[in-house]
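Q:
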Amino acid sequence: MERPNILLIISHDTGRHLGCYGRPVATPNLDRLAREGVLFTQAFCPAPQCCASRASLLTGRVPHRHGLIGLVHRGFRLRPDVPRLPALLARAGYATHLFGLQHEASDAADLGYTHVHPAATTHCEDVAPLVAAFLTSRPTQPFFAAVGVFETHRPFPASPGPWDTVVVPAFLPDAPEIRRDIADLNLAVARLDAAVGQILAALNRAGLAERTLVLYTTDHGIAFPGAKATLFEPGIEIALIARGPGGFGGGQVIEAMVTIMDLFPTLLGLAGVLPPADIDGRDLGPLVRGEVTCLRQRVFLELTYHAAYDPMRGVRTPRYKYIRSFEPRPWWFPPNIDGGPRMQGYTKDWFRQHRPEVFERPRPPELLFDLTADPLEQHNLA
């Protein structure tokens with residue numbers, strides 16, 4: 020097989036908040052990508068925080084093995100000896116392009132990007148036209164293009180309302196302030212989806228669609244209490260959609276557990292590069308080609324430091340999840356929950372006013388959930 024181009028689109032804090040995952044939000048372009056490609060319904064991140072999860076994608080390793088266990092802008096760094104995906108692809112003859120943001124290093128060149136395309140901002144409206152212009156130039160060298168956009172990180176754009184009919188995720192209370200917060204998230208998702216549509220249209224116009232593997236994913240769950248920066252399901256769930264060469268087509272829906280780390284060996288394999296032997300990710304190829312029905316029986320989870328120190332480790336199987344906390348913390352740890360005036364954290368404010376106990380009640384050191392009987396993780400069996 021001819022080595023494909025690789026177009027990776029990654030957004031902030033989106034979880035599975037897309038129409039193709041059954042969420043009540045309109046995402047026609049991502050839905051179409053899923054219909055034409057492969058939708059992974061049980062994709063997870065190893066850490067529910069931006070830098071650590073993204074670094075796992077680029078290295079195929081869990082965070083405590085690649086070293087980036089906290090935020091880059093707080094001084095955390097990748098281990099210098101860990102191979103990075105862009106650098107390995109560049110060494111194999113790919114032109115490696117970065118559009119928009121990356122959150123794995125203070126300097127994108129340290130990751131192996133040979134071309135960095137600066138934009139006025141990292142929002143979709145500024146990044147997508149740059150990607151479209153690059154694609155319509157019809158590059159002849161095989162490329163790996165990473166497209167990072169700020170949507171759907173807080174602060175969200177303000178939705179004009181009304182918000183009465185907005186559907187709130189089941190793990191959150193259905194309150195007016197939370198409906199407004201979800202409406203704002205929905206608007207950010209709509210902007211993300213429109214940017215994906217703009218990029219895919221340019222890919223088609225350039226005649227590159229047939230030889231380009233397009234991937235969409237995100238780093239972790241949505242930025243709400245009980246999700247981002249927790250090991251609960253809404254924090255570790257991610258969207259993963261792939262369309263293109265290598266068997267990623269036909270509208271497949273794959274329910275086997277996969278992780279963001281699996282992209283590392285998958286993309287290297289398609290590029291004809293032998294992945295390092297000591298990685299945690301697994302090639303998705305046998306799964307999408309129907310050669311196997313599962314890649315793993317468990318996913319290992321971790322959180323160490325986001326805005327504050329909250330060390331946890333966990334393991335998830337198709338039915339059960341076990342979480343171990345190593346420091347006394349409340350059920351939800353306020354410093355690690357996005358909120359405050361700058362972040363427009365209406366949901367965090369609502370909990371502070373109406374259910375402050377979630378920020379005060381001690382979190383048990385051990386949690387065990389039967390995800391089949393208790394998908395909202397309300398009944399601790401430990």
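Under the working numbering, the first residue of the sequence shown carries the number 20, and numbering increases by one thereafter. We put the beta carbon where it would ideally sit given N, CA and C, even for glycine.
1) If you follow the alpha helix (DSSP H) that Thr33 is part of, which residue opens it and which one closes it?
2) Among the candidates Asp357, Asn355 and Leu320, whose CA atom is the shortest distance from the CA of Tyr339?
3) In terms of alpha-carbon separation, which member of Arg315, Glu346 and Thr171 lies closest to Asp299?
4) Grouping DSSP H, G and I as helix and E and B as strand, with all else coil, what is Val185?
5) Check whether the Cβ atoms of Leu191 and Phe251 lie closer than 8 Å to each other.
6) Which residues in the same chain have their Cβ closer than 7 Å to the Cβ of Ala177, if we skip the five residues on either side of it in sequence?
7) Looking only at its own chain, which residues have a Cβ that is under 6 Å from the Cβ of Arg332, when we skip the five neighbours before and after it?
8) Would you please state the rounded distance, in angstroms, between the beta carbons of Phe118 and Leu154? I believe it to be under 8 Å.
9) Within 10 angstroms of the Cβ of Ser125, are there 16 or more other Cβ atoms? Answer buried if so, exposed if not.
10) Using the three-state DSSP reduction, which class does Ser344 fall into: helix, strand or coil?
11) Would you tell me roughly how many angstroms separate the C-alpha atoms of Arg22 and Pro161, rounded to the nearest one?
12) Taking Ile279 and Cys64 to be in contact with their CB atoms under 8 Å, please state how far apart those CB atoms are, rounded to whole angstroms.
13) Assuming Asn355 contacts Ala327 under a Cβ cut-off of 8 Å, what Cβ separation, rounded to an integer in Å, is found between them?
14) For the segment 237-277, list the beta strand (DSSP E) runs that are entirely contained and at least 3 residues long, ordered along the chain.
15) State the Cα-Cα distance for the pair Asp193 and Lys367, rounded to the nearest angstrom.
16) Given a threshold of 16 other Cβ atoms within 10 Å of its Cβ, counted over all protein chains shown, does Gly364 qualify as buried or as exposed?
A: According to the data block:
1) Segment: none, Thr33 is in no alpha helix (DSSP H) and carries neither H nor E.
2) Leu320
3) Arg315
4) coil
5) no
6) Asp203
7) Glu321 and Arg343
8) Contact doesn't hold; Cβ gap of about 10 Å is too wide.
9) exposed
10) strand
11) 7 Å
12) 5 Å
13) 6 Å
14) 259-262 and 271-273
15) 13 Å
16) buried
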